[in-house]
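In this note's numbering, the protein residues as written are 32 to 171.
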């Protein structure tokens, strides 16, 4: 399967997107895309949290959808807000888990919620986009 190269948006909100296989190994490529975008925008200090968020969103898509590919999206919504998302063609809505004790699963969206300013999802005819937003530090 061929992957498309990351593409900056030509008009509108600055952003980058890339389609990757819906498999655990794609988290590495997604983290790189987020890290490069944040560095390009001069806010590389958000890379650690941003890469963790995109890893969890990819993992959630891999675990809970039958999709063959997903689209990673990172956009600078405003000077103060970065949106990181993963789109797939499954319309099942994401729900934070309620893990018990030592359970290894069910914590991904809880982690996304704790790391982000806010998170959510947008349903579309073709599927959904699960996203998380980060606030840009005032000095940037």
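For glycine and all other residues, C-beta sits at the position ideal for the given N, C-alpha and C.
Backbone secondary structure at residue i - three-state DSSP
i           : result
residue 87  : helix
residue 153 : strand
residue 81  : helix
Proximity below 8 Å, CB of residue i to CB of residue j
i          : j           : result
residue 47 : residue 78  : no
residue 90 : residue 139 : yes
Sequence-distant residues of the same chain with beta carbon closer than 8 Å to residue i, five excluded per side
i           : result
residue 149 : 163 and 164
Nearest-angstrom Cα separation, counted from residue j out to residue i
i           : j           : result
residue 54  : residue 101 : 9 Å
residue 82  : residue 124 : 22 Å
residue 168 : residue 111 : 7 Å
residue 95  : residue 154 : 16 Å
Close beta carbons around residue i, own chain, < 6 Å, minus the five adjacent residues each side
i           : result
residue 142 : 87
Residues near residue i in its chain [Cβ-Cβ closer than 7 Å; skip 5 each side]
i          : result
residue 93 : 53, 54 and 55
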